[in-house]
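In the numbering used here, each residue carries its 1-based index in the sequence shown increased by 17.
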Amino acid sequence: MQNVFQGRSLLAEKDFTKEELMYFIDFSAHLKDMKKKGIPHRYLEGKNIALLFEKASTRTRSAFTVAAIDLGAHPEYLGKDDIQIGKKESVEDTAKVLGGMFDGIEFRGFKQENVELLAKYSGVPVWNGLTDEWHPTQMIADYLTLKENFGTLENLTLAYVGDGRNNVANSLLVTGAILGVNVRIVSPESLFPDQELIDLAREFGNGSGAEILITADVNEGVKGADALYTDVWVSMGEEDKFAERVNLLKPYQINMKMMKATGKDETILLHCLPAFHDTETEYGKMVKENFGEVEMEVTDEVFRSKHARQFDQAENRMHSIKAIMAATLGNLFIPRV
Ligand code: CP
Ligand code: NVA
């Protein structure tokens, strides 16, 4: 019996049902448990995985590498300066070549169109490791972290505060809407998600019961939230926007005052990382020098507080990417979900 995941790509969350996304989340928890108990799970023995990166990465690259090896597969890192893609060879031709050699392909880059072309022409599962538009593998780890914390995703409310139109915000909004988690995007109006995306999320929300709120009002947005989520104010590829964003997003920094404004002591902090919570980075130092700010999207106090779950999230990237690769490539017995 062929399972419903076999051979499929994960390009964007909107292509998956609530049950399918829940399967990824629960399978990730199972694989995490197996890993902690030292039980082997080499479902991809002998397979070869290509890891294409146009943008930098710590977590996604490490997670795909370790997950592939734990599954018995061989991961091969192909950075932007290592291969011909884009410069001397089209994405279509590259897809055909890689598809003839590899059993699965991860792609991190700029254009969503390119990850779609890879899936169209390679003939093997392609996993989106982040584009300008979406960050779907991150979502399985994030909603797993929420479920681990609260035991369930039912009736939870996640408030994403900051740049409301980046890849992570887009993915959180649509994934939450599919899963039935209430999602609030709290950002200045000029950084609200595209209307098309809000409409899509509302449509999913009508089916799942998720309430969607897009607001510039911080108090309205965070009140009663079970999780406050933030991301960098300037995403990869937008590095010329620091001045504009630092000024615009300062009122949207997650600090203790905002944590308290949720009205709940048990609210957790989520962050996909990397985070600017101090001046220990080049950009952190540059922002301090130019704008006098020593913290950006989250204060160091909150980052190191009892609310913080961002390093659980980071670890969960590995378990969830393992689940995604095994389910789509491992010929597993998965009864209808
Ligand atoms: N969260 C995330 O995708 O991190 P990296 O950019 O380090 O992969
Ligand atoms: N929005 C961020 C996410 C990094 C994981 C970026 O695209 O740089």
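Just so you know, even glycine gets a beta-carbon here, dropped at the ideal spot from N, CA and C.
query                                                                                                       : result
Under 9 Å between C-beta atoms of Leu-266 and Ser-322                                                       : no
Neighbourhood of Ile-86 by C-beta, 7 Å cutoff - its chain only, sequence neighbours within 5 removed        : Pro-92
Length at least 3, wholly inside the segment 185-271: the beta strand (DSSP E) runs in chain order          : 199-203, 229-232 and 244-247
Short Cβ contact (9 Å threshold) for Leu-95 with Gly-126                                                    : no
Val-315 - DSSP class collapsed to helix/strand/coil                                                         : strand
Cβ-heavy atom distance, Val-249 to the ligand NVA, below 8 Å                                                : yes
Asp-257 beta carbon near the ligand NVA (any heavy atom closer than 8 Å)                                    : no
Cβ shell of Pro-205 (< 6 Å), same chain only, five flanking positions each side left out                    : Ala-233 and Leu-265
Residue interval of the beta strand (DSSP E) (run including Ala-325)                                        : Careful: Ala-325 lies outside any beta strand (DSSP E) and carries neither H nor E.
Nearest candidate by alpha-carbon position, reference Arg-219, set Gly-24, Asn-20, Lys-31 and Trp-151       : Lys-31
Range covered by the alpha helix (DSSP H) that runs through Gly-168                                         : Run containing Gly-168: none; DSSP gives neither H nor E here.
Distance cut-off 8 Å: Gly-254 Cβ against heavy atoms of the ligand NVA                                      : yes
For Ile-56 and Tyr-269, the rounded distance between their alpha carbons                                    : 44 Å
For Ile-271 and Lys-64, the rounded distance between their alpha carbons                                    : 43 Å
Distance CB(Leu-115)-CB(Leu-134) smaller than 9 Å                                                           : no
Start-end ranges of the beta strand (DSSP E) lying completely within the segment 69-102, minimum 3 residues : 91-96
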